[in-house]
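In the UniProt record's numbering, the protein residues as written are 1 to 251.
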């Protein structure tokens, strides 16, 4: 299942894959990401583009904190869900459907920060796709703007040969993930399941097992500098976070 179809199908169920209250988790993530951005001089009311916003897990709490946020996502269904969640909470945010590889063509402006959290970049299975996305993100940044993203720790997952996420029970439902690795451990098919009573929702898609050095090299290749990795113990976010600056020279 390609990413657009995967997230279109998951949009109305997405909050159910969390082991806890989705919005409380989102608010906590907003707090953590705000602190990361503040370390780079990006504080409200500066502008942020979430170029893989999904249903708004990071974009909405950042907007609620006073950032001027634009959110884009490949999934039109996820964008509609994000808009509904924003309206219910009275959050001012701009939302558009856009492929991350061509997001600069859709938003047509520059931001103080561009973010892509929750392991979104590994949906880009080829070097060319990843390069297109990073170039587009760079074009959306003001000179000296900050790019921040999180991915799973694939270096550790490959080393330890992890094969899924243990089932979790919350609010009367069971959710989890089963992983099937390619023979060379370069890609991974992830099957997400949510079971409620006699109903089961099962969806699968393929990710690239994107190592830290690969992403670092890709960022450098398109003109980002001052690339730094933050482990969860340092950042407070549950995945490794990379930050990088668009310099004046890469304009």
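The beta-carbon is built from N, C-alpha and C at its ideal position, and this holds for glycine as well.
C-alpha gap between residue i and residue j, whole angstroms
i, j, result
"residue 243", "residue 226", "8 Å"
"residue 137", "residue 103", "7 Å"
"residue 161", "residue 187", "13 Å"
"residue 223", "residue 141", "12 Å"
"residue 159", "residue 10", "29 Å"
"residue 65", "residue 48", "12 Å"
"residue 168", "residue 42", "36 Å"
"residue 107", "residue 183", "39 Å"
"residue 237", "residue 33", "8 Å"
"residue 126", "residue 196", "36 Å"
Beta-carbon separation (whole angstroms), residue i vs residue j, contact threshold 8 Å
i, j, result
"residue 146", "residue 40", "4 Å"
"residue 57", "residue 29", "6 Å"
"residue 69", "residue 59", "5 Å"
"residue 179", "residue 190", "6 Å"
"residue 230", "residue 121", "So it is not a contact: roughly 16 Å between Cβ atoms."
"residue 97", "residue 79", "5 Å"
"residue 212", "residue 124", "So it is not a contact: roughly 15 Å between Cβ atoms."
"residue 112", "residue 247", "Not confirmed; about 15 Å, so no contact."
Residues that DSSP places opposite residue i in a beta bridge
i, result
"residue 193", "176 and 202"
"residue 73", "97"
"residue 115", "50 and 148"
"residue 207", "188"
Neighbourhood of residue i by C-beta, 8 Å cutoff - its chain only, sequence neighbours within 5 removed
i, result
"residue 219", "134, 147, 227, 242 and 244"
"residue 239", "117, 118, 119, 150, 151, 152, 153 and 232"
"residue 131", "218, 221 and 222"
Residues near residue i by beta carbon distance below 6 Å, same chain, minus five either side
i, result
"residue 201", "13 and 194"
"residue 61", "26, 27 and 30"
"residue 19", "168 and 170"
"residue 54", "73 and 78"
"residue 115", "50 and 148"
"residue 67", "44 and 48"
"residue 216", "227"
Span of the beta strand (DSSP E), counted from its first residue to its last, around residue i
i, result
"residue 225", "224 to 230"
Residue range of the unbroken alpha helix (DSSP H) whose run includes residue i
i, result
"residue 9", "3 to 10"
"residue 247", "Segment: none, residue 247 is in no alpha helix (DSSP H) and carries neither H nor E."
"residue 33", "22 to 38"
"residue 61", "59 to 64"
"residue 165", "Premise fails: residue 165 lies in the beta strand (DSSP E), 164 to 170, not in any alpha helix (DSSP H)."
Proximal residues to residue i (C-beta, below 7 Å), its chain only, five neighbours per side dropped
i, result
"residue 16", "173, 175 and 194"
"residue 177", "164, 165, 190, 191 and 192"
"residue 91", "60, 63 and 64"
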